[in-house]
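The structure appears right after this line, and notes come after that.
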Amino acid sequence: MGVFDRRVAIVTGSAQGLGMAVATRMHAEGARVMMCDLQADKVAAAAVRLDPAGANVKSFALDASASGAATAMVAAAESAFGGVDILVNVAGGSGVQRAVHIDEMTDDIWDRIIANNLRSTFVCSRAAVPAMRKRGGGTIVNFATGSIRGFRGRTTSAAPLAYVAAKAGIIGFTNQLAADCQDDKIGVAVIQPGFILTEPGARIRELFDQMSKAEQDAMLRGRTPRPPEDIGWAVSYIASRPWNEVTATAIRLDGPIKSLALQMARDPEGQLASTAVLSAV
Ligand SMILES: NC(=O)c1ccc[n+]([C@@H]2O[C@H](COP(=O)([O-])OP(=O)(O)OC[C@H]3O[C@@H](n4cnc5c(N)ncnc54)[C@H](O)[C@@H]3O)[C@@H](O)[C@H]2O)c1
């Protein structure tokens, strides 16, 4: 018996990188998982790798920023697994088209990054909330960044301005949706990963490998990149807690994690958690 036996999780952006690590962890803990991504072949192959029989892991190809596709994704999870309990909005990133200064930021790059990150989080959550209501509650975990105050110096982010703006929006979105969904018993939290070196072939690893040794050393100074598995553990921990224990939390994950302990600070009303850290203990 796993922590998530009989529970159903949708993980967007799970063809590779952190989304794949999240889907892998949820599956290992007993969840039935719908892996979703723009990259149709890659997400289908990832699902088959996890569960060759296909009974507990299925894939769904979509642009997660498209409303109709998000609705169809939730319907597919309900039809395959009987409902939806957990939505993990991992899809996003800053793409590969470089725009390091505002002068280089085209409307197209800006719109795409906002859509892939912020809009996808909105439309997938909007599609999933009614499904979670039918189950009596649920958990939504969103993905922002530890660099919410802005990057300094060399970064793997191809277009930091749009990216940080989108991720800041996701933090605000999380807080408001958490407040709005209290009566529905739906917890909404946001993870702020630090620098995570994903697997060879994934975007962040490719961008890092293209840097000079001096640039890599500068990026690594003072920090140890966390493995993607840590993010899988963190999401699994959040989704395993009662909805009202983790709701409205922003969880920074940029330090070493030896075991997971959620330390929460309640806001003055005592209703919603305002900050939390997963700490090394
Ligand atoms: N890796 C890091 O260091 C790091 C740090 C902070 C935040 N993050 C965030 O964590 C998430 C995952 O990061 P990653 O390193 O695994 O990125 P990645 O680029 O390797 O993977 C992102 C996945 O999302 C998919 N995707 C993007 N837009 C989509 C859309 N509109 N519809 C469906 N799928 C879409 C991509 O196809 C890809 O498979 C992203 O939101 C990223 O911004 C990552």
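My numbering applies: residue 1 is where the sequence shown begins, and numbers increase by one. Ideal placement from N, C-alpha and C gives every residue a C-beta, glycine not left out.
- Across the set V164, R32, G146, the C-alpha of V164 shows the shortest separation from the C-alpha of I102.
- Each of A23, R7, V8 was checked against the Cα of S14, and the nearest Cα belongs to A23.
- Close CB contacts of G232 within its chain, under the 7 Å cut and outside five residues either way in sequence, are with A21, V22, T24, R25 (chain order).
- The count of Cβ pairs closer than 8 Å, one atom from the region 44 to 60 and one from the region 88 to 101, stays below three, leaving the stretches out of contact.
- Set against 7 Å, the gap from the CB of F195 to the closest heavy atom of ligand 1 is smaller.
- DSSP places S79 within a helical segment (H, G or I) once states are collapsed to three.
- Annotation note: the region 110 to 149 contains the following uninterrupted alpha helix (DSSP H) runs of length 4 or greater, listed N- to C-terminal: 120 to 134.
- The Cβ-Cβ distance between S125 and L177 falls below 8 Å.
- Cβ-Cβ separation between T155 and V90: approximately 19 Å, too far for a contact (criterion under 8 Å).
- Of all C-beta pairs linking the region 130 to 138 to the region 63 to 73, fewer than three are shorter than 8 Å, placing the two stretches out of contact.
- For L87, the uninterrupted beta strand (DSSP E) segment begins and ends at 86 to 89.
- In the displayed model, F208 falls within a helix according to three-state DSSP.
- At a threshold of 7 Å, G232 does not count as near ligand 1, since its beta carbon sits no closer than that to any of the ligand's heavy atoms.
- For Q210, the CB stays at least 7 Å from every heavy atom of ligand 1.
- In the DSSP assignment, A61 falls within the beta strand (DSSP E) that extends over 57 to 61.
- Here T198 really is in contact with L18; their C-beta atoms are around 7 Å apart, less than 8 Å.
- A direct Cα-to-Cα measurement between S212 and T224 gives close to 18 Å.
- Between the alpha carbons of N116 and A159 lies a distance of about 13 Å.
- If you ignore the 5 residues before and after G137, its C-beta comes within less than 7 Å of the C-beta of D184, K185, I186, W243, all in its own chain and listed in chain order.
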